[in-house]
DNA sequence: ACGAAAGTGATACGGTGTACGACATGCGAG
DNA sequence: CTCGCATGTCGTACACCGTATCACTTTCGT
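Residue numbers (the working numbering), protein chains in the order written: chain A, 1 to 207; chain B, 1001 to 1207.
Put into structure tokens, the structure is as follows:
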């Protein structure tokens, strides 16, 4: 697992093939199949392995917002360290031991509040879903320029002629200025957006 | 593109291989390379192709919440029709013509409001991120039982001994009851969660 | 009518996950 | 101490993948 994780960190998830991982361990491909049944098992184990990194030392911050903010920051850092995580989350439920411990910790964030289990679960779902989406978008945006080797907004408008066509045709009146001038993809978008989501939750907290 | 989309709908994204798509068209593999440069191009085209399905007939609902709700419902339906979408969104920026038109429509939802472009963009990002996360989780949860051929909560608690161990060890005090009794994965979780997110946005709308 | 362009495809290369079966090694029971 | 079996290692093979190369046919504009 550690080998596979290191490999994915260094060269991306595509580098994690059975043969390659085995080679990294000084063994041959089939050897791995004494310990896993299918490659999918290895991937699931990798996911749970890194889930441990996002566990927080107890006690949690007393304020629920602070606690969730803490989780959010750690999750974001996790994806920065292991970008391949976003290539996996969308295809399996994460129910390894560390994943479960992590959910438990998140539930604990709502401890002091007078809400029932189901409500806490729903709040958590909203929080999780938002984080999933944000983290994926950030990973995609970070990976995109590297793939195409070019900077950003300028290229988007110029390189693809069909975009020029749409923009000049006036079909993208609202979007066009953002393509031309770009958007300041500031880093504080993260805390700001998350803050809005937490605001939405907070409004339904006391009742 | 249509063939590839139909194939992915019917048999999943893995079935979309160059050879298979070509065969479906009564041709050989290399023929496709007259029209695309790499397989990735085909996947990008597929994504943009289905993006057309989520475009909305103008005029949009005047109320911004109604408009976003409309988009959200259509996006959710889209993923129901084409579950393989979640296997693709996390690895490329969607900048095809239909994708751009779709973003333009979403921006139009904020038209009547007195907010600047950047703010609208940020609101949209939060909305989009939440939708991404929700839709992925829903797709994963829908796919999970099918893969493992078993129903749900009962299995989760019983089948994997390490889960039993964690639960019995008292380490998952808050999570355990939900594993034992399951959670009512009601369909209205969608509109409810989305409502909360929109509430969070609304709070910062007038200022 | 002819030359160029566009389209089709056979073959091949290096990769993938994994089924199968042959071996070596270590350990517990007689 | 020895034997039998479980455990671990891995060579080989199969069916599949994306795609580079290059030969061939068809179509079309001049």
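Note that the Cβ used here is the ideal one computed from N, Cα and C, for glycine as well.
From residue i to residue j, what distance separates their C-alpha atoms?
i	j	result
residue 97 of chain A	residue 55 of chain A	12 Å
residue 100 of chain A	residue 94 of chain A	8 Å
residue 1181 of chain B	residue 117 of chain A	12 Å
residue 206 of chain A	residue 1121 of chain B	30 Å
residue 195 of chain A	residue 123 of chain A	14 Å
residue 1073 of chain B	residue 1013 of chain B	23 Å
residue 128 of chain A	residue 170 of chain A	38 Å
residue 173 of chain A	residue 1111 of chain B	12 Å
residue 38 of chain A	residue 47 of chain A	15 Å
residue 142 of chain A	residue 1168 of chain B	42 Å
Within 8 Å (strictly less), CB to CB, does residue i reach chain A?
i	result
residue 1011 of chain B	no
residue 1129 of chain B	yes
residue 1084 of chain B	no
residue 1154 of chain B	Per-residue confidence for residue 1154 of chain B stands at a pLDDT of 46, beneath the threshold of 50, marking its modelled position as unreliable; the derived number appears in the next sentence. No, residue 1154 of chain B does not count as interfacial toward chain A.
residue 1016 of chain B	no
residue 1119 of chain B	no
residue 1134 of chain B	yes
residue 1183 of chain B	yes
Within a Cβ cutoff of 6 Å, which residues of the same chain sit near residue i, ignoring the five residues on either side of it in sequence?
i	result
residue 213 of chain A	Residue 213 of chain A cannot be examined here, being either before or after the span of chain A that is shown, 1 to 207.
Which residue wins for smallest C-alpha separation from residue i, given the options the options?
i	options	result
residue 1057 of chain B	B/1019, B/1114, B/1071	B/1071
residue 1010 of chain B	B/1110, B/1046, B/1084, B/1048	B/1084
residue 1135 of chain B	B/1109, B/1114, B/1081	B/1081
residue 91 of chain A	B/1107, B/1139, B/1064	B/1139
residue 105 of chain A	A/52, A/126, A/39	A/52
residue 191 of chain A	A/69, A/27, A/40	A/69
residue 1204 of chain B	B/1179, B/1114, B/1102, B/1076	B/1114
residue 1107 of chain B	B/1015, B/1065, B/1163, B/1177	B/1065
Residue i CB to nearest chain B CB: under 8 Å?
i	result
residue 162 of chain A	yes
residue 206 of chain A	no
residue 98 of chain A	no
residue 188 of chain A	no
What does a CB cutoff of less than 7 Å around residue i pick up in its chain, not counting 5 residues either side in sequence?
i	result
residue 193 of chain A	134
residue 1089 of chain B	1132
residue 67 of chain A	60, 61, 109
Beta-carbon separation of residue i and residue j under 8 Å?
i	j	result
residue 1036 of chain B	residue 1029 of chain B	no
residue 1022 of chain B	residue 1032 of chain B	yes
residue 1 of chain A	residue 43 of chain A	no
residue 197 of chain A	residue 130 of chain A	yes
residue 166 of chain A	residue 1103 of chain B	no
Tell me which residues share the same chain as residue i and place their Cβ nearer than 8 Å to its Cβ, disregarding the 5 neighbours each side in the sequence.
i	result
residue 1200 of chain B	1126
residue 1078 of chain B	1050, 1053, 1054, 1085
residue 1187 of chain B	none
Cβ of residue i within 7 Å of any heavy atom in the ligand ZN?
i	result
residue 1029 of chain B	Within the structure as shown, the ligand ZN is missing, as the structure has no ligands at all.
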